[in-house]
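End of the sequence shown = 125 in this note's numbering, gap-free, step of one. Below you'll find the structure, written out as structure tokens, and then a few comments.
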Amino acid sequence: MQNPQLPTDGNPQRRNTAFQPDPGLLEALAPLQGNERIRQLLKCFGLRTSLVRLKVIDALLTAAGNDRRLGVRGMHSHLLALDIPLSFLSVREVLKRLCSEGVVVLNSDKSYSLHPQAEAVLMGKIEA
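Okay, structure coming up:
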């Protein structure tokens, strides 16, 4: 048995396998690009990136894209449906903090949405 980490006698091992991209590669990269935009948004507002903030903002973007609004309970249920195990209190506290920093707005129907300035940062209309 050969150890691939040990040097050979000048004969490099040739592998007969060609690179075959994973069919889901583009789908896997798309959320990373979205997360990078959210990271820049948080940085623009002077906030550190956390998993909870990323997931909450991503859920708000998804809801807005589907013409829906989410309150704390709806947000929590949405995240649980995606197998993201965050407590109700964590979701509520993150939403309150994002509101206090001006990233998110509490609407009159107790739902949350992104502040227009935050949307402008995400769309690239305002530089981070």
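Cβ atoms here follow ideal geometry from the backbone N, Cα and C, with glycine treated the same way.
Should residue i and residue j be called a contact, given that it needs their Cβ atoms to be closer than 8 Å?
i	j	result
S110	V102	yes
R45	S108	no
L92	V69	yes
If we count the other Cβ atoms within 10 Å of its Cβ and call it buried at 16 or more, is residue i buried or exposed?
i	result
R50	buried
K40	exposed
A56	buried
L38	buried
A78	exposed
M120	exposed
Comparing C-alpha positions only, which one of the options sits nearest to residue i?
i	options	result
G43	A78, F85, G121 and R94	R94
H75	K52, L48 and S97	K52
C96	D64, P113 and F85	P113
G99	A60, V88, A115 and D106	A115
H73	R36, I54, R34 and V88	V88
With a threshold of 8 Å between beta carbons, is residue i in contact with chain D?
i	result
L77	The displayed structure is made up of one protein chain only, and chain D is not part of it.
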